[in-house]
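For the sequence shown, the UniProt record's numbering gives the first residue as 1, with consecutive numbering after it.
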Amino acid sequence: MSVLSSSDKDAIRDAYTAITDARGLTPRWGQRQMIAEVANTLALLSPSLDVSDSQGSPIAVIEAGTGTGKTIAYVIPALVMARALNKRLVIATATVALQEQLVHKDLPDIAAGSGLEFSYVLAKGRRRYLCLSQLDRIMARESGGGQTMGLYPDEVAPALARDALESYGLMLDALGRGDWDGDRDNWSAPINDADWFPVTADQGQCSGRRCPNIRNCSFYRARDGLQEADVVVTNHDLVLSDLALGGGAILPAPEDTIYIFDEGHHLPDKALNHFASYCRLPSTLSWLGESRKALAKGSPLLSTLPGLSAVMEPLPALFDDLQLRVQQIAEQAAVIMAGAGDFEEQLRFEGGVVPDDLKQATAALAGQWARLNGRLMTLEAGIDDALEDDSFASVRDELEAWQMAVGGMLVRAEGVLSLFKDFAADAAEESPPRARWLKRRADDEELAIDLHCSHILAADILDEQLWQRAAGVVLTSATMTALGSFDRFRARSGVPEDGRYKIVVSPFDYGKATLHVPGMSSEPSDAPAHTEELITLLPELLHMDEGSLVLFSSRRQMNDVYDGLPREWRDRTLRQDDYSKQEILRRHRETIDKEEGAVIFGLASFAEGVDLPGRYCQHVVIAKLPFAVPDNPVDAALAEWLESQGRNAFMEISVPDAALKLVQASGRLLRTETDTGRVTLLDRRVLTRRYGRAILESLPPFRRDLSP
């Protein structure tokens with residue numbers, strides 16, 4: 001039953017009719033279904049709706065098959081409803097390519113053709129913008145007029161190259177002329193991370209509205225634009241960052257926002273990564289030493305500020321104690337790793353239970369580290385107060401530098417403290433327990449070990465941060481289900497059961513394409529034999545005059561197959577890692593445009609988000625079912641937890657995940673309504689295993705050519 005008002009319904013219908021007429025489009029049934037689903041979901045926010053009439057949470061999960069035209073299907077109803085409800089609209093994507101398509105093509109087209117008047121802006125994080133204050137200090141240091149501190153020794157080069165300094169000078173000139181807005185993505189020349197990072201600031205280093213460069217601040221200019229726009233386009237990570245900061249720090253407040261998560265199937269994994277904690281032990285030791293030296297240099301000034309003498313005095317001893325404790329933990333971790341074997345790169349603790357000695361050591365360190373955090377917070381607050389006091393005007397520049405430096409220290413210290421607290425926590429009180437593991441880095445140092453901790457399901461994180469706070473949420477992609485069910489996504493994301501779930505089928509005629517499973521004598525479990533059979537079969541399966549995409553689950557197998565092919569096939573094959581992804585796609589299209597055949601060999605990144613319509617891809621070959629490699633500690637911990645409950649982790653995790661990835665991979669074939677071609681799967685387990693039939697039935701309804 002719809003709760004959509006007649007006026008909203010008319011506004012949505014009129015806008016949709018206008019844009020389809022303006023662009024000469026034929027209205028699609030699936031697109032109209034999705035429009036109705038989005039509109040009815042957001043109508044649940046209506047203040048006129050009686051609580052007793054509630055039809056569930058204003059959250060929709062929509063699987064929109066390829067070709068649905070989902071951008072129009074969510075933008076038009078969401079715009080109309082956001083305006084009617086006095087809410088802001090935030091559209092978040094998982095990839096830069098889709099953000100750019102939205103800002104530079106889709107939204108301008110909708111604005112021009114729908115009759116809806118709205119403004120839109122692209123939102124990015126602080127690190128995408130130049131910080132004038134940081135740049136000023138670096139240039140002053142290089143001219144002998146000041147000093148800056150390297151607080152991130154593992155991430156920032158110790159000395160800036162001459163070409164970096166030349167780039168900084170060009171940036172200042174471009175800003176002064178008004179030819180550049182300070183956005184890294186709009187800079188005319190490539191710039192690497194090592195050169196860009198020093199001239200940016202994170203939240204802790206940014207002094208905000210007190211900064212002397214605030215009027216010319218690229219980030220704040222962009223942020224101010226967010227306050228006026230009807231639609232904010234951003235990425236999943238920035239939404240999660242804003243929510244972690246309390247919401248409304250960068251983006252509109254969640255309670256006033258309708259979120260659209262395009263490529264929404266990525267959101268649970270993004271949330272796990274964002275809220276995970278880690279500590280690089282060697283670089284943390286270096287950072288402690290650098291910070292101790294830096295604050296010792298600043299002590300003559302900082303100790304003169306009101307109330308800070310008592311804060312500064314114990315810091316040297318505290319830093320020394322922390323260095324000793326971190327060193328001891330590094331030694332303990334090295335012993336534990338040695339017990340796992342010389343060739344093990346990581347060691348996951350079963351059930352998330354950290355060995356007692358290491359747990360006690362991290363608990364003690366967490367207590368001391370909390371003291372450091374407290375003193376850094378007090379120090380930062382004291383500097384902030386001094387910046388407001390005219391009696392310190394003569395040292396204002398120095399205080400501003402220290403405000404940024406201490407803010408940066410505090411951000412890093414808080415991140416490290418989070419890890420130590422997580423390692424010291426009692427896994428028995430967690431349900432499910434978090435994953436905790438050690439990872440050996442590729443450095444020569446014996447103690448080059450990282451500590452990691454992560455939730456294994458994002459359900460609780462997203463429930464607390466998003467589902468309970470947002471005004472409304474729509475999540476959509478072509479692969480929201482696995483094995484025809486939303487269960488996998490619901491379990492991982494925690495989307496409320498009373499949300500709305502809808503599958504909108506693709507308008508494409510899958511009968512124009514064929515799924516082929518040829519007869520084979522090898523099993524993928526016998527990697528050498530399977531690889532040899534692929535080397536034999538591929539020249540028979542591929543056509544010399546076609547565009548083909550061959551997808552592998554293993555880099556080693558990809559390289560072995562490539563090396564084993566006849567020269568004539570190697571010459572026409574572009575292999576992942578030989579060039580960038582974009583360069584491979586460019587060269588592939590260029591070859592096809594010359595009426596010649598071309599082949600791409602790719603891994604998982606080519607199985608999703610690659611658009612090769614028509615002749616660019618008439619054949620997708622999938623080497624084997626894309627079961628995940630069992631080396632991800634988060635996935636392993638999740639499987640372990642399910643098994644401890646008497647559940648079948650293979651059937652609940654591995655099979656649905658492989659089915660979803662197979663659908664994504666096969667989705668590279670038909671990209672327009674006129675496309676034809678074939679998908680070849682070189683893995684007969686879809687026919688010989690019980691789970692294989694379930695995977696096979698989850699694929700689009702291709703014509704079947706299944707060899708007995």
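Just so you know, even glycine gets a beta-carbon here, dropped at the ideal spot from N, CA and C. If you're wondering where the values come from, they're calculated on a predicted model, not measured in any experiment.
### Message
Output needed for residue 139: all residues of its chain with C-beta closer than 7 Å, excluding positions within five of it in sequence on either side, in chain order.
### Response
In the sequence shown, residue 139 corresponds to position 139, counting from 1. Closer than 7 Å at the Cβ level, and outside the excluded window around residue 139, lie 168.
Nearest-angstrom Cα separation, counted from residue 287 out to residue 149:
In the sequence shown, counting from the first residue as 1, residue 149 sits at position 149. In the sequence shown, counting from the first residue as 1, residue 287 sits at position 287. Low confidence applies to residue 149: its pLDDT is 45, below 50, so where it sits in the model is not reliable, and the reading given next is rough at best. C-alpha separation (whole angstroms): 11 Å.
Alpha helix (DSSP H) runs contained entirely in the region 473 to 559, provided each spans 4 or more residues = 487 to 493, 527 to 541
- Message: I need the boundaries of the alpha helix (DSSP H) containing residue 262, first residue and last residue.
- Response: Numbered from 1 along the sequence shown, position 262 holds the residue referred to as residue 262. Looking at the DSSP string, residue 262 is not in any alpha helix (DSSP H); the run it does join, the beta strand (DSSP E), is 257 to 262.
Exercise for the section: Helix, strand or coil for residue 8, going by three-state DSSP, please let me know. Expected result: Position 8 of the sequence shown, counted from the first residue, corresponds to residue 8. Helix.
* Taking residue 373 as part of the alpha helix (DSSP H), name the residues at either end of that continuous run. => Position 373 of the sequence shown holds residue 373. 356 to 387 is the extent of the alpha helix (DSSP H) around residue 373.
*Cβ shell of residue 711 (< 6 Å), same chain only, five flanking positions each side left out*: The first residue shown for the chain is 1 and the last is 708, placing residue 711 beyond what the model contains.
Can you tell which of 576, 606, 578, 572 has the C-alpha that lies nearest to the C-alpha of residue 595? Locating residue 595 in the sequence shown gives position 595, counting from the first residue. For the residues 576, 606, 578, 572, the minimum Cα distance to residue 595 belongs to 572.
Are residue 659 and residue 698 close, meaning C-beta to C-beta below 9 Å?
Against the sequence shown, residue 659 aligns to sequence position 659. Against the sequence shown, residue 698 aligns to sequence position 698. A contact, by the Cβ cut-off of 9 Å.
- Message: If contacts are defined as beta-carbon pairs under 8 Å, then residue 232 and residue 251 qualify, I think. What distance do you get, rounded to the angstrom?
- Response: Residue mapping note: residue 232 aligns to position 232 of the sequence shown, counting from 1. Residue mapping note: residue 251 aligns to position 251 of the sequence shown, counting from 1. Yes, they are in contact, since the Cβ atoms of residue 232 and residue 251 sit about 6 Å apart, within 8 Å.
*asked:* According to DSSP, is residue 455 part of a helix, a strand, or is it coil?
replied: In the sequence shown, counting from the first residue as 1, residue 455 sits at position 455. Correct three-state label for residue 455: coil.
| field | Nearest-angstrom Cα separation, counted from residue 591 out to residue 45 | value | Counted from its first residue, the sequence shown places residue 45 at position 45. Counted from its first residue, the sequence shown places residue 591 at position 591. When rounded, the distance between both Cα atoms is 52 Å.
- Pull up the distance between the alpha-carbon of residue 151 and that of residue 332, whole angstroms please. Along the sequence shown, read from residue 1 onward, the residue named residue 151 stands at position 151. Along the sequence shown, read from residue 1 onward, the residue named residue 332 stands at position 332. With a pLDDT of only 40 at residue 151, under 50, the local geometry of the prediction cannot be trusted, and the value read off the model is given with reservation. Rounded to the nearest angstrom, the two C-alpha atoms are 26 Å apart.
Count the other CB atoms within 10 Å of the CB of residue 239; is the residue buried (16 or more) or exposed (fewer)? For this step, residue 239 is matched to residue 239 along the sequence shown. Residue 239 should be labelled buried.
**Asked** Going by other Cβ atoms of all chains shown within 10 Å of its Cβ, with 16 needed for buried, is residue 641 buried or exposed?
**Response** Along the sequence shown, one-based indexing puts residue 641 at 641. Classification for residue 641: buried.
**Request:** Pick out whichever of 270, 511, 705, 694 has its Cα sitting closest to the Cα of residue 681.
**Result:** Residue mapping note: residue 681 aligns to position 681 of the sequence shown, counting from 1. Taking only the C-alpha atoms, the option nearest residue 681 is 705.
Q.
With a threshold of 7 Å on Cβ separation, who are the neighbours of residue 301 within its own chain once the five nearest residues in sequence on each side are excluded?
A. If you number the sequence shown from 1, residue 301 lands on position 301. Only 395, 398 meet the Cβ criterion.
Residue from 23, 22, 38 whose Cα sits closest to the Cα of residue 8: Here the question's residue 8 lines up with position 8 in the sequence shown. The shortest C-alpha separation from residue 8 is found at 38.
Quiz item: Based on the DSSP secondary-structure assignment, which residues constitute the bridge partners of residue 622?
Solution: Taking the first residue of the sequence shown as 1, we reach residue 622 at position 622. Partner(s): 551, 681.
Using a Cβ-Cβ cutoff of less than 6 Å, which residues in the same chain neighbour residue 691 once the five nearest sequence positions on both sides are dropped? Position 691 of the sequence shown, counted from the first residue, corresponds to residue 691. Counting only Cβ-Cβ distances below 6 Å, and skipping sequence neighbours, we find 655.
Based on the DSSP output, what are the partners of residue 196 in its beta bridges?
For the purposes of this step, residue 196 is identified with residue 196 of the sequence shown, where counting begins at 1. For residue 196, which the question treats as bridged, DSSP gives no partner whatsoever.
Exercise. Would you say the region 79 to 88 touches the region 512 to 526, given that touching needs at least three Cβ pairs under 8 Å?
Worked result: no
Practice problem: Look up residue 437 in the DSSP assignment and say whether it is helix, strand or coil. | Solution: In the sequence shown, the residue the question calls residue 437 occupies position 437. Here residue 437 sits in strand by DSSP.
Practice item. Measure from the alpha carbon of residue 78 to the alpha carbon of each residue in 58, 67, 96, then state which is nearest. Key: Position 78 of the sequence shown, counted from the first residue, corresponds to residue 78. Considering only alpha carbons, the answer is 58.
- Message: Tell me the rounded alpha-carbon separation between residue 4 and residue 64.
- Response: The sequence position of residue 4 within the sequence shown is 4, counting from 1. The sequence position of residue 64 within the sequence shown is 64, counting from 1. The straight-line gap from Cα to Cα measures roughly 22 Å.
Using only alpha-carbon positions, find the residue among 490, 508, 511 that is nearest to residue 502. Taking the first residue of the sequence shown as position 1, residue 502 is located at position 502. The shortest C-alpha separation from residue 502 is found at 490.
Check your understanding: Quick one, which of 673, 668, 686, 685 has its alpha-carbon nearest residue 679's?
Key -> Your numbering for residue 679 matches position 679 in the sequence shown. The option with the nearest alpha carbon to residue 679 is 668.
What are the start and end residues of the beta strand (DSSP E) that includes residue 277?
By one-based count along the sequence shown, residue 277 stands at place 277. Taken as a continuous stretch (DSSP letters only), the beta strand (DSSP E) holding residue 277 covers 277 to 280.
Nearest-angstrom Cα distance between residue 303 and residue 292? The residue given as residue 303 occupies position 303 in the sequence shown. The residue given as residue 292 occupies position 292 in the sequence shown. Rounded to the nearest angstrom, the two C-alpha atoms are 15 Å apart.
Open item on the list: According to DSSP, simplified to helix, strand and coil, what is residue 40?
Closed with: Locating residue 40 in the sequence shown gives position 40, counting from the first residue. In the structure shown, residue 40 sits in a helix (DSSP, three-state: H, G or I).
message: Could you tell me the alpha carbon to alpha carbon distance between residue 646 and residue 683, rounded to whole angstroms?
response: For the purposes of this step, residue 646 is taken as residue 646 along the sequence shown, with counting starting at 1. For the purposes of this step, residue 683 is taken as residue 683 along the sequence shown, with counting starting at 1. Approximately 29 Å, taken between the alpha carbons.
For residue 162 and residue 700, what's the separation of their Cα atoms in angstroms?
Position 162 of the sequence shown, counted from the start, is the residue given in the question as residue 162. Position 700 of the sequence shown, counted from the start, is the residue given in the question as residue 700. If I take the Cα positions, the gap works out to 56 Å.
Under 8 Å by Cβ, that's how I've got residue 267 and residue 493 pegged, so tell me the actual separation to the nearest angstrom.
Within the sequence shown, the letter at position 267 stands for residue 267. Within the sequence shown, the letter at position 493 stands for residue 493. Contact flag correct, Cβ pair sits at about 6 Å.
Worksheet entry | Selection from 279, 485, 461 that minimises the alpha carbon distance to residue 415 | As a first step, residue 415 is located in the sequence shown; it is residue number 415 there, counting from the start. Per the Cα distances, 279.
**Asked** Does the distance from the CB of residue 257 to the CB of residue 471 come in under 9 Å?
**Response** Position 257 of the sequence shown, counted from the first residue, corresponds to residue 257. Position 471 of the sequence shown, counted from the first residue, corresponds to residue 471. Against a cut-off of 9 Å, the Cβ pair of residue 471 and residue 257 comes out as a contact.
Do you know whose CA, among 419, 483, 486, lies nearest residue 455's CA?
Along the sequence shown, read from residue 1 onward, the residue named residue 455 stands at position 455. Taking only the C-alpha atoms, the option nearest residue 455 is 419.
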